[in-house]
Ligand SMILES: [Mn+2]
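In my numbering, the protein residues as written are 7 to 342.
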């Protein structure tokens, strides 16, 4: 327990000693206030994009600063503001590689963060927290043409996000998942919401038709068995040179509601992105990831970038810039 990750955030543990209804009513007010702020910001951004006109799909950032479902370090709870800072860093410009202008609200807006730590501070448990995350994602999707681009957080957040996307769109999506790990344990260390189990929850729920996992190089026998059980297409790094042509020319999402992209920053080789909790050598290069994204033929309905851990980053924030560039290029992929 004595590591920096677990000492970073304090929240109340002693709520059982006071009247239950007092706590419940207070929690309800805080939950409503949290959802109201996201609802109103999404509404304003939606109105703005519609008033400007011409956008069929428009990326909108939603931060989910949640780190406590990690099995190792909890630093990803601090990632969203660091990623935002890097997106707008003066060292680079606001144009994506293929020429989209991030300054244009029709390309990118921001609806803020789900106040995860504030909700936990009020004693909100994970069942409810996951529902609040799903609800927040749905509030963004309701403001057509906004599409959620979620800033994690650890990988546990992909479950409530994909669930919300699928429920809101009325059917499963295809999921392209870039990661060193399959995150498909039935349950990890007793936690069904673990960041190592999110894709088991997604597949059980029927929220994904196809799940393609790319960049895998840390997988146990359970990970392979669970992959087979759910029909997951697992592309491991040890065969990447053989799979490269296929992966760099993907076409996904036909006859489903669209495509969801989930990028764990540790899909990248730690040489490119040292600021992650789980350093695993032998990963993708940044250009490999961009080739996969740029050439993907798909209607991308939502995406996330997760597992950036600022507590492990270099002092000059190199991984923050890497995570931000993933967000920028995903923005270009989504917005049209
Ligand atoms: Mn990972």
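Glycine residues also receive a C-beta, built at the ideal position from the N, C-alpha and C atoms.
Every value quoted in this text rests on a predicted model; they were computed, and no experiment measured them.
{"Asked": "Which of helix, strand or coil DSSP assigns to residue 81", "Found": "helix"}
{"Asked": "Residue 186 Cβ short of 7 angstroms to ligand 1 heavy atom set", "Found": "yes"}
{"Asked": "Inter-residue Cα distance where the pair is residue 13 and residue 200", "Found": "Its pLDDT being 49, under 50, residue 13 is placed unreliably in this model, and the coordinates cannot settle the point."}
{"Asked": "Range of the contiguous beta strand (DSSP E) that encloses residue 166", "Found": "First-last for residue 166: 164 to 175, but that is the alpha helix (DSSP H), not the beta strand (DSSP E)."}
{"Asked": "Within-8 angstroms CB hit, residue 155 to chain D", "Found": "The structure shown contains no chain D, having only a single protein chain."}
{"Asked": "Local Cβ density within 10 Å of residue 244, reported as buried at 16 or more and exposed below that", "Found": "exposed"}
{"Asked": "In chain order, each alpha helix (DSSP H) run of at least 4 residues that lies wholly inside the segment 282 to 312", "Found": "292 to 301"}
{"Asked": "Cβ contact check for the segment 77 to 95 and the segment 166 to 173: 3 or more pairs under 8 angstroms", "Found": "no"}
{"Asked": "Rounded distance between the beta-carbons of residue 44 and residue 145, thought under 8 angstroms", "Found": "5 angstroms"}
{"Asked": "Ligand 1 heavy atom lying under 7 angstroms from the CB of residue 110", "Found": "no"}
{"Asked": "Residue 213 beta carbon less than 8 angstroms from that of residue 172", "Found": "yes"}
{"Asked": "Contact check, residue 47 vs residue 117, beta carbons under 8 angstroms", "Found": "yes"}
{"Asked": "Own chain residues within Cβ distance below 7 angstroms of residue 262, not counting five before or after", "Found": "177, 178, 179, 180 and 215"}
{"Asked": "Endpoints, beta strand (DSSP E) assigned at residue 249", "Found": "That residue, residue 249, is in no beta strand (DSSP E); its alpha helix (DSSP H) goes 246 to 253."}
{"Asked": "From 80, 332 and 319, residue whose alpha carbon lies closest to that of residue 291", "Found": "332"}
{"Asked": "Assumed close pair residue 264, residue 305 - CB separation to whole angstroms, cut-off 8 angstroms", "Found": "5 angstroms"}
{"Asked": "Residue 10 burial status per 10 Å Cβ neighbour count (16 or more: buried)", "Found": "Caution applies to residue 10, whose pLDDT of 42 falls short of 50 and renders its modelled position unreliable; the value that the coordinates give is listed next. By the neighbour-count rule (16 or more Cβ atoms within 10 Å), residue 10 is not buried but exposed."}
{"Asked": "Extent of the continuous alpha helix (DSSP H) run through residue 5", "Found": "Because the chain in this structure spans residues 7 to 342, residue 5 falls outside the shown range and cannot be described."}
{"Asked": "Close Cβ partners of residue 316 (< 7 angstroms) along its chain, the five nearest in sequence each way excluded", "Found": "81, 84, 85, 88, 281 and 326"}
{"Asked": "Runs of alpha helix (DSSP H) wholly within the segment 77 to 128 (minimum 4 residues, chain order)", "Found": "85 to 93 and 122 to 127"}
{"Asked": "Where residue 197 sits in the DSSP three-state scheme", "Found": "strand"}
{"Asked": "Contact test: residue 161 Cβ vs ligand 1 heavy atom, cutoff 7 angstroms", "Found": "yes"}
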